[in-house]
Amino acid sequence: SRMFDTRLPLVDSEGSAMGLLMNPSLAVQGDRIVMTARRHKLEVSWRNGWYNHSSALVEDQTWHSDILLGEAALDAEAWSRWPTTGEAPFQASMKPWYWLRTPQNQGWRHLCVPEEYVAK
């Protein structure tokens with residue numbers, strides 16, 4: 151028995167500048183492979199502010215997270231070779247899914263409470 155880690159050939163349909171894909175999940179459904187992944191991106195900005203009655207440079211860090219979906223045809227022969235070759239038996243273009251809703255039927259945004267950190 152051997153184990154291996156492999157990168158899946160998942161491509162973000164909006165381009166790599168939108169963030170990194172992570173935590174993919176795969177499911178075989180009939181003759182298709184259905185997949186999901188999360189896209190994360192860190193946005194950093196700076197602004198002038200005040201701290202202890204003195205001017206200060208304030209750094210804001212905002213994490214963006216999206217759910218992406220994709221699918222590909224199932225090649226059963228390539229799929230059966232995958233454990234021994236390590237070569238993924240598919241390629242997929244992942245597209246964002248924006249329909250996740252809160253119990254109040256609002257878009258799933260602003261999930262985190264802003265926190266303030268003061269460097270010492």
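221 is the number that this note's numbering gives to position 71 of the sequence shown; each next residue is one higher, with no gaps.
Each residue gets a CB set at the ideal place from its N, CA and C atoms; glycine is no exception.
Per DSSP, the continuous alpha helix (DSSP H) segment holding W232 begins and ends at A226 to T235.
In chain order, V194 and W196 place their CB closer than 7 Å to the CB of E209, counting only its own chain and leaving out the 5 sequence neighbours on each side. Three or more beta-carbon pairs separated by less than 8 Å link the stretch 212 to 225 to the stretch 240 to 256, which places the two stretches in contact.
A contact between stretches requires three or more CB pairs, one per stretch, nearer than 8 Å, and the stretch 197 to 205 fails this requirement with the stretch 155 to 162.
In the structure shown, S163 adopts coil according to DSSP, grouped into three states. For M168, there is no enclosing beta strand (DSSP E), as DSSP gives it neither H nor E. The C-alpha of A167 lies about 33 Å from the C-alpha of A226. Each of E266, N173 and D216 was checked against the Cα of R251, and the nearest Cα belongs to D216. Residues K191 of the same chain have their beta carbon placed closer than 6 Å to that of H214, with the five preceding and five following residues left out of the count. Exclusion of the five residues before and after R188 leaves L171, M172, N173, S215, D216, I217 and L218 as the residues of its chain whose Cβ lies within less than 8 Å of its Cβ.
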